[in-house]
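Numbering (the working numbering), first residue to last: 2 to 67.
Glycine residues also receive a C-beta, built at the ideal position from the N, C-alpha and C atoms.
The structure presented is a predicted model; accordingly, all values stated were derived computationally and were not measured.
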């Protein structure tokens, strides 16, 4: 486990959960992705939506390479 006093374990978990979303989406989407770091109903809904879009985009890009 990471020991980072400036972040709670829950905050670290939230960043780990959204890391690929930050990499895969434009910076203009980051404020909304930040909400997905929270483990509540709103965060879960936003995370699910962005994750689905991310998977669809990655799958499409992989298929275009073939």
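C-beta atoms of residue i and residue j nearer than 9 Å
i, j, result
"residue 43", "residue 19", "no"
"residue 51", "residue 33", "yes"
"residue 61", "residue 40", "no"
Reduced DSSP secondary structure (H/G/I, E/B, other) of residue i
i, result
"residue 54", "helix"
"residue 48", "helix"
"residue 9", "coil"
Rounded straight-line distance, which links the Cα of residue j to that of residue i
i, j, result
"residue 13", "residue 21", "14 Å"
"residue 9", "residue 16", "11 Å"
"residue 45", "residue 26", "17 Å"
Other residues of its chain near residue i: CB distance less than 8 Å, five sequence neighbours each side excluded
i, result
"residue 58", "25"
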